[in-house]
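So the structure is just underneath, and the comments pick up after that.
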Ligand SMILES: Nc1ncnc2c1ncn2[C@@H]1O[C@H](COP(=O)(O)OP(=O)(O)O)[C@@H](O)[C@H]1O
Ligand SMILES: [Mg+2]
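Protein chains in written order, with my numbering: chain A, 750 to 1162; chain B, 7 to 255.
What follows is the structure, encoded as structure tokens:
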């Protein structure tokens, strides 16, 4: 940071673009790697599978990949809220299943309006999260145990609600459309335009606020290039999804409806984590609960709220799952939760708590989806997929543990 | 001398049958560094916990700036401007300096965290203590040295407009250079008009930075001395109980 004299206290916002790049390199060296390993893995996987399968980089597969990743992204995002507290929710998948089972009971068995039934399913998710939170934060039962218990119990509950081997076709076209239909082509461009405008708006808003407070701002070019990156990457993706990707006579084009939904969830969640006191306190409790308590933060309330958000978002991922397969089964959600944890950790969310962002969950979900998708395309036996995903998870957790050591965190018990 | 910032008279505290504080008189002044020394188990931490409101006294009168005060809870103490910097610091490693300094009292404008304003005030608080060792207020606390962490913890109390800052063994875990930094910081804290109480086992530190020295021995205040009018040998005598105010025991 060439522009700082030794007596000055900076904020890391000073200096030109080169200073900023140097500072970023320093943060990497300190072990604050964030999503970088996952982004590198993502690129490597794309290159690998593109060279192994001619079908991998087709627009059809590209769109499929995003839809596959979308559902996992929502589940992984849900889990981020509890992982940030160094807690876990092993019941997230079956909570989604139970939520959708309630939807089946209310809407398809009792004939209630589908919107009300979905709201009821989400409310059930919140109730489940609240219950887990009470057990963990007030009574002191480890979240691993509470949610493992629910993981088993809810599998039984689903069987009771839907019957053994029960499978119910989803009969709401609006819900089926989420994962199976696309926006008109202009919808994709509108979505991208909104993203760019909102990013620019927030960028300038932040700069104005920092100016008013009298602290340094990073070079405006840095913010603009970040927005430009969103515009370019998003533009390529939207363009790819705007051409007809059908292999039959019925044309298929446009960005899948689920994409803007997931982006909105990521945006709102990130906004809450980065810009509200709740978000700040969540990170604080995850980093050092005792310090948070002494600072006057209501630690139990933060924990309970995190579990409520997690379980509620888990039900949202359940809606996406039901939409994708067009049905709700009595065995829904059993195996997905570990993929969700894997996605978050692979993306750079720390299992030790206090470190991670929702964008990490999204990148990790893409990595897991690409492994799944790519291995399927090159026709390896199904077992290989589990082996590779498991190995990637362990590798990610190892990077997490090592970078934690490097940043001086040590091992906390 | 003017009115003490804090004045304890006849303060007592027992845990069941164990009398830990047996009628303590104690004064600390604004703009001065007051040392509290004594062997392990003398009652130093118990005395401090009473001031911070964590563990209220059983008996005795507490006056803050001449007014009788009732320190029933940390909230009462905090409202008066009494801040304790604990030995184990209570910082969040995963947050940066600004975030730690404002933890639990974040500034919100237009519904969201006002990072610029918090950053400005945190920087000013550090500058008011002439801190030179911190490069960026946006560094993660995990990347800081022990002395820097102590600095952040102390600066946080300045930010909270503390009138009395109590430091429990601030240099216990630090090397020579860092101890020097923290002692300088403590001195500047007092020069800014804040009353400072420092608990320490290191008499060299105490003699370097404190204006007066109070010695606890088995729950009694056996000596209250001006640093300029005493020496290390005497203080060691009081601490170990071989010397009393009246003369050699
Ligand atoms: N909560 C407590 N219950 C019972 N005894 C206590 C408690 N806290 C402190 N004591 C006793 O009071 C005495 C003084 O302790 P303390 O104030 O921690 O001394 P110091 O900080 O000077 O080493 C010790 O004998 C200790 O065992
Ligand atoms: Mg003690």
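Heads up, the beta-carbon is just placed ideally off N, CA and C, and yes, glycines get one too.
Just so it is clear, the structure is predicted and the values come from calculations on it, not from any experiment.
So residue i packs on residue j, CB below 8 Å; how close in whole Å?
i	j	result
residue 242 of chain B	residue 219 of chain B	Their Cβ separation, rounded to whole angstroms, is 11 Å, which puts residue 242 of chain B and residue 219 of chain B out of contact at 8 Å.
residue 1027 of chain A	residue 1054 of chain A	7 Å
residue 96 of chain B	residue 1039 of chain A	6 Å
residue 131 of chain B	residue 161 of chain B	5 Å
residue 841 of chain A	residue 1059 of chain A	6 Å
residue 221 of chain B	residue 229 of chain B	4 Å
residue 201 of chain B	residue 232 of chain B	In fact, because the Cβ distance is near 16 Å, the residues do not count as touching under 8 Å.
residue 127 of chain B	residue 1029 of chain A	About 16 Å separates the two Cβ atoms, so there is no contact after all.
Where does residue i fall in DSSP's three states?
i	result
residue 73 of chain B	strand
residue 43 of chain B	strand
residue 112 of chain B	coil
residue 223 of chain B	strand
residue 20 of chain B	strand
residue 763 of chain A	coil
residue 997 of chain A	coil
residue 1162 of chain A	Low per-residue confidence applies at residue 1162 of chain A: pLDDT is 29, beneath 50, and the placement is therefore not dependable, though the value from the model is reported in the following sentence. The answer is coil: DSSP assigns residue 1162 of chain A none of H, G, I, E or B.
residue 244 of chain B	helix
residue 197 of chain B	helix
residue 1144 of chain A	helix
residue 166 of chain B	coil
residue 916 of chain A	strand
residue 1076 of chain A	strand
residue 1086 of chain A	helix
residue 177 of chain B	coil
residue 950 of chain A	helix
residue 190 of chain B	helix
residue 900 of chain A	helix
residue 889 of chain A	coil
residue 259 of chain B	Past the edges of chain B, shown from 7 to 255, lies residue 259 of chain B, and the structure says nothing about it.
residue 778 of chain A	helix
residue 750 of chain A	Confidence is the limiting factor: at residue 750 of chain A the pLDDT is only 34, short of 50, which leaves the residue's position unreliable, though a coordinate-based value still follows. In the structure shown, residue 750 of chain A sits in coil (DSSP, three-state: anything other than H, G, I, E or B).
residue 235 of chain B	helix
residue 139 of chain B	coil
residue 1153 of chain A	helix
residue 118 of chain B	strand
residue 65 of chain B	strand
Within the same chain, show all residues whose beta-carbon is closer than 8 Å to that of residue i, passing over the 5 residues directly before and after it, in chain order.
i	result
residue 1044 of chain A	1033
residue 1003 of chain A	931, 932, 933, 934, 936, 937, 990 and 991
residue 58 of chain B	77, 80, 83, 88, 90 and 172
residue 971 of chain A	766 and 769
residue 54 of chain B	42, 90, 172, 174, 203 and 205
residue 1134 of chain A	1120, 1121, 1124 and 1125
residue 928 of chain A	816, 819, 820, 1005, 1006, 1007, 1069, 1072 and 1073
residue 967 of chain A	762 and 769
With a threshold of 7 Å on Cβ separation, who are the neighbours of residue i within its own chain once the five nearest residues in sequence on each side are excluded?
i	result
residue 1115 of chain A	791 and 818
residue 1110 of chain A	822, 825, 826, 829, 1092, 1093, 1096 and 1098
residue 758 of chain A	none
residue 129 of chain B	143
residue 145 of chain B	102 and 103
residue 945 of chain A	976, 979 and 980
residue 199 of chain B	36 and 37
residue 213 of chain B	233 and 238
residue 1057 of chain A	875, 878, 879 and 882
If you drop the 5 nearest sequence neighbours on each side, which residues of the same chain put their C-beta closer than 6 Å to that of residue i?
i	result
residue 249 of chain B	243
residue 9 of chain B	72
residue 1064 of chain A	845, 848, 870, 871 and 874
residue 782 of chain A	1152
residue 190 of chain B	none
residue 899 of chain A	840
residue 1042 of chain A	1048
residue 1148 of chain A	786
residue 165 of chain B	107 and 131
Relative to ligand 3, is the shortest distance from any of its heavy atoms to the C-beta of residue i smaller than 8 Å?
i	result
residue 205 of chain B	Of the ligands one can find in the structure shown, namely ligand 1 and ligand 2, none is ligand 3.
Q) So which residues touch the region around ligand 1, with touch meaning a C-beta under 5 Å from any heavy atom? A) B:21, B:26, B:46, B:47, B:48, B:49, B:50, B:51 and B:52
Q. Are there three or more Cβ pairs, one per stretch, closer than 8 Å when the region 835–843 of chain A is compared with the region 876–892 of chain A?
A. Because the criterion of three Cβ pairs below 8 Å is met, the region 835–843 of chain A and the region 876–892 of chain A touch.
**Q.** Cβ contact (3+ pairs, closer than 8 Å) linking the region 1085–1104 of chain A and the region 1133–1144 of chain A
**A.** yes
Q: Evaluate contact between the region 896–916 of chain A and the region 1077–1086 of chain A, counting only Cβ atoms and requiring at least three cross-stretch pairs below 8 Å.
A: A contact is defined here as three or more CB-CB pairs under 8 Å, and the region 896–916 of chain A meets this definition with respect to the region 1077–1086 of chain A.
Q: Mind the definition here: the region 123–142 of chain B touches the region 973–983 of chain A only if three or more C-beta pairs lie below 8 Å; say whether that holds.
A: no
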